[in-house]
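Q: Sharing a structure below in structure tokens format, with a few things to ask.
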Amino acid sequence: MLANNIIATLVLGLAATVSAANNKANEYKSGDCSGSLNYGHTGVKLATVTMDDSSHSVYLATGATYGPWLAYEGKTSNGGSCTGAYLGDLPGECVNLDNHFSGRRIRCVAKTLV
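Residue numbers (mature numbering (1 follows the signal peptide of the UniProt record, and there is no 0)): -20 to -1, 1 to 94.
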């Protein structure tokens, strides 16, 4: 019984560590990352995420594998790649897609290798 408890504790600890190391880009219909999740994206190798046209904010988290999130004005398609003008680096946490960069909507976010 004690061995099972120890194994369960180790597995939960490992799962929490892996989750914390994941890159995350969760889209919301609201402009402030509140309410229900519109689209969720997470993974250690998550590097490019196109924003759905119905999303108005994105919650960004950085895992240990890549550099900062970068914003782009264009996308090839939903699930495609980033195109168009590079708008700048993103601070992480909640970013409003419509007005973080004055007059320019973020349509795609990507990460760089470090």
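Glycine residues also receive a C-beta, built at the ideal position from the N, C-alpha and C atoms. For clarity, every value in this text was computed on a predicted model and none was experimentally measured.
(1) So within the segment 8 to 45, which uninterrupted alpha helix (DSSP H) runs reach at least 4 residues, ignoring any that extend past its ends?
(2) Could you have a look at residue 65 and say whether DSSP puts it in helix, strand or coil?
(3) Taking the DSSP output, what are the residues bridged to residue 84?
(4) Locate the beta strand (DSSP E) running through residue 76, then write down its first and last residues.
(5) From the DSSP output, read off the bridge partner residues of residue 3.
(6) According to DSSP, is residue 92 helix, strand or coil?
(7) Just to check my reading of the structure: residue 58 and residue 32 have Cβ atoms closer than 8 Å, yes? What is that Cβ distance to the nearest angstrom?
(8) My output table needs one value for residue 50: the three-state DSSP class, helix, strand or coil.
A: Checking against the coordinates, here is how it stands:
(1) As far as the segment 8 to 45 is concerned, it has no whole alpha helix (DSSP H) run of at least 4 residues.
(2) Stepping through the sequence shown from its first residue, residue 65 is reached at position 85. DSSP places residue 65 in strand when its eight states are reduced to three.
(3) In the sequence shown, the residue the question calls residue 84 occupies position 104. Per DSSP, the beta-bridge partners of residue 84 are 81.
(4) For the purposes of this step, residue 76 is taken as the residue at position 96 of the sequence shown. 73 to 76 is the extent of the beta strand (DSSP E) around residue 76.
(5) Position 23 of the sequence shown, counted from the first residue, corresponds to residue 3. Answer is 23.
(6) Taking the sequence shown and counting its residues from 1, one reaches residue 92 at position 112. Note: residue 92 maps to strand in three-state DSSP.
(7) As a first step, residue 58 is located in the sequence shown; it is residue number 78 there, counting from the start. As a first step, residue 32 is located in the sequence shown; it is residue number 52 there, counting from the start. Between residue 58 and residue 32, the beta carbon gap of about 6 Å places them in contact (Cβ cut-off 8 Å).
(8) Against the sequence shown, residue 50 aligns to sequence position 70. Residue 50: strand per DSSP, three-state reduction.
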